[in-house]
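S.K.:
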Amino acid sequence: VQLQASGGGLVQPGGSLRLSCAASGTIFAINTMGWYRQAPGNQRELVAAVTSGGTTNYADSVKGRFTISRDNAKNTVNLQMNSLKPEDTAVYYCFAVTRGGAHNWGQGTLVTVSS
Numbered sequence: 096v097q098l099q100a101s102g103g104g105l106v107q108p109g110g111s112l113r114l115s116c117a118a119s120g121t122i123f124a125i126n127t128m129g130w131y132r133q134a135p136g137n138q139r140e141l142v143a144a145v146t147s148g149g150t151t152n153y154a155d156s157v158k159g160r161f162t163i164s165r166d167n168a169k170n171t172v173n174l175q176m177n178s179l180k181p182e183d184t185a186v187y188y189c190f191a192v193t194r195g196g197a198h199n200w201g202q203g204t205l206v207t208v209s210s
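Counting the sequence shown from 1 gives a position; our numbering is that position plus 95.
Take a look at the structure:
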């Protein structure tokens, strides 16, 4: 499975960004897709995930502000990020987990929230 992420950038506090991730390869094997993030000096943390059945999971810090969505027909997963805060600044990584348990990662995309 190959993952191509896009959509990062610089935004002011309170603004919005949308991240997208397109999967290719053995996409039939994918179960869960989502996003992790890693801020400087911090460990990588789960931001949001969605299963092939549509079940979602969010980090407490982003609940109510971020929305993950998945288009199984287009093999994409999106992360709509609203009301962004400076503490959301991080490199965001798209991931996909296959039914066999293999983890696949896309390249990171930098999100910077700053005035």
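Glycine included, every Cβ here is placed at the ideal spot set by N, Cα and C.
Mind reading off the beta-carbon distance from N126 to V172? Whole number of angstroms is fine, and I expect it under 8 Å.
M.R.: Not a contact, Cβ separation roughly 12 Å.
S.K.: Measuring only the C-alpha atoms, how far is G136 from K180?
M.R.: Each residue's alpha carbon lies about 18 Å from the other.
S.K.: Once the 5 residues before and after L205 are set aside, which same chain residues still bring their CB inside 6 Å of it?
M.R.: G103 and V186
S.K.: I163 and T151: beta carbons closer than 8 Å?
M.R.: yes
S.K.: Scan the region 99-125 and note each continuous beta strand (DSSP E) run of 3 residues or more that stays entirely inside, going in chain order.
M.R.: The DSSP assignment places 104-106 and 112-119 as complete runs of the beta strand (DSSP E) inside the region 99-125, in order along the chain (cut-off: 3 residues).
S.K.: Here's a check: name, in chain order, each residue in its chain whose Cβ is nearer than 6 Å to the Cβ of Q133, leaving out the five neighbours to either side.
M.R.: R139, A185 and V186
S.K.: Quick one, are the C-beta atoms of A117 and G129 less than 8 Å apart?
M.R.: no
S.K.: What does a CB cutoff of less than 8 Å around G120 pick up in its chain, not counting 5 residues either side in sequence?
M.R.: V96 and Q97
S.K.: Starting from the C-beta of G110, find all residues in its chain whose C-beta is less than 7 Å away, skip the five residues before and the five after it, and write them out in chain order.
M.R.: L179
S.K.: In terms of residue numbering, what span does the beta strand (DSSP E) encompassing E140 cover?
M.R.: E140 to V145
S.K.: Once the 5 residues before and after Q175 are set aside, which same chain residues still bring their CB inside 6 Å of it?
M.R.: R113 and T162
S.K.: Identify, in the order they occur along the chain, each residue of the same chain with its Cβ nearer than 7 Å to the Cβ of S210, setting aside the five sequence neighbours on each side.
M.R.: Q107 and P108
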